[in-house]
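Numbering (this note's numbering), first residue to last: 17 to 300.
Everything on this sheet refers to the single structure shown next.
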Ligand SMILES: [Zn+2]
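Structural data, given as structure tokens:
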């Protein structure tokens, strides 16, 4: 956090230095655009093949084959979800929230893609529908579906509150992945990673620009839908923060289940997601 009273005096040309134009780090003009119309045509004839409920303060993993759509729906009450994605053929290829943020901004919506870790760096999923796209950015700079948070975890809880809370999204995802892969918890835990915060409303609050959350605008019936660009393991935790209006990492908040449905198109969509073509020579 920046000092509110800096220890060093500003130089004479401070105003000039601060007035330099902002430049987008990663212009996306050259990024191939997803064929949203093509996805929606495929989706219109898709059949539901799976439906699971993620219990409150718990998580589930499920396989979603490439070419399928998966939908996360709010049911019963406002609830935030923490999403992890893995390549079902290679667990080491996982969702990369930092690079997704660098490409698409702090919060994602329809047409944005969830990118995988280096050296793969390819679209794992494309957002094809988002009933909360109306929210935009509010007066606090908050928005929904962020890729800036990490996931609530017992280590940060221990650091800040000194207690052991076992139903944070990190632990929920660890248990769910351990069950799904039939591996011990310590092995599964290594694969849990920074999430996409589904339905969560977050931002950075001036003047300190600390990470903040506020009550999610999600209501039962709202959903976000994705197209699986590769074979996926989808992990979703129903965060113990509920709608994240007050606190997380405890049993205090009202929590509700989240529903995940999988749909298979009648006519397969052509899959285009390929690992990065970079040589990996790294200058040698
Ligand atoms: Zn959480």
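Glycine is no exception: its CB is placed at the ideal position from the N, C-alpha and C atoms.
Computed from a predicted model, the values in this text were never measured in an experiment.
(request) Excluding the 5 residues preceding and the 5 following residue 131 in the sequence, name in chain order all residues of the same chain whose CB lies nearer than 8 Å to its CB. (result) Within the same chain, Cβ atoms closer than 8 Å to the Cβ of residue 131 are found at 111, 112, 115, 116, 119, 137, 138, 139 and 140, the five residues on either side in sequence being excluded.
(request) Classify residue 239 as helix, strand or coil using the three-state DSSP reduction. (result) DSSP places residue 239 in strand when its eight states are reduced to three.
(request) Give the C-beta separation of residue 83 and residue 208 to the nearest angstrom, bearing in mind that I take them to be a contact with Cβ-Cβ under 8 Å. (result) The Cβ separation is near 26 Å, so there is no contact.
(request) Would you mind working out which of 85, 72 and 74 sits nearest residue 65, comparing C-alpha positions? (result) For the residues 85, 72 and 74, the minimum Cα distance to residue 65 belongs to 85.
(message) Run through the DSSP bridge pairs and tell me what residue 124 is partnered with.
(response) Bridge partners of residue 124: none, in fact.
(request) State whether the stretch 228-238 contacts the stretch 88-100, with contact taken as three or more CB pairs (one from each stretch) at a distance under 8 Å. (result) Yes: the two stretches touch, three or more of their Cβ pairs being nearer than 8 Å.
(message) Quick test of your reading: residue 159 and residue 152, contact by CB under 8 Å. State the CB separation rounded to the nearest angstrom.
(response) Indeed, because the Cβ distance is near 7 Å, the residues count as touching under 8 Å.
(message) Are the CB atoms of residue 103 and residue 161 within a distance shorter than 8 Å?
(response) Taking 8 Å as the Cβ cut-off, residue 161 and residue 103 do not qualify as a contacting pair.
(message) What I want to know is whether the C-beta of residue 77 ends up closer than 7 Å to one or more non-hydrogen atoms of ligand 1.
(response) No; taking the cut-off as 7 Å, the Cβ of residue 77 has no heavy atom of ligand 1 nearer than that.
(request) Pick helix, strand or coil for residue 141, following the three-state DSSP scheme. (result) Assignment of residue 141 by DSSP, reduced to helix, strand and coil, places it in the strand class.
(message) For a test of the three-state rule: what should DSSP assign to residue 176, helix, strand or coil?
(response) Three-state DSSP puts residue 176 in a helix.
(request) Rounded to whole angstroms, what's the CA-CA distance from residue 96 to residue 299? Just pull it up for me. (result) In a straight line, the C-alpha of residue 96 is about 43 Å away from that of residue 299.
(request) Just the C-alpha distance for residue 221 and residue 249, rounded to the nearest angstrom, thanks. (result) For residue 221 and residue 249, the distance between alpha carbons rounds to 34 Å.
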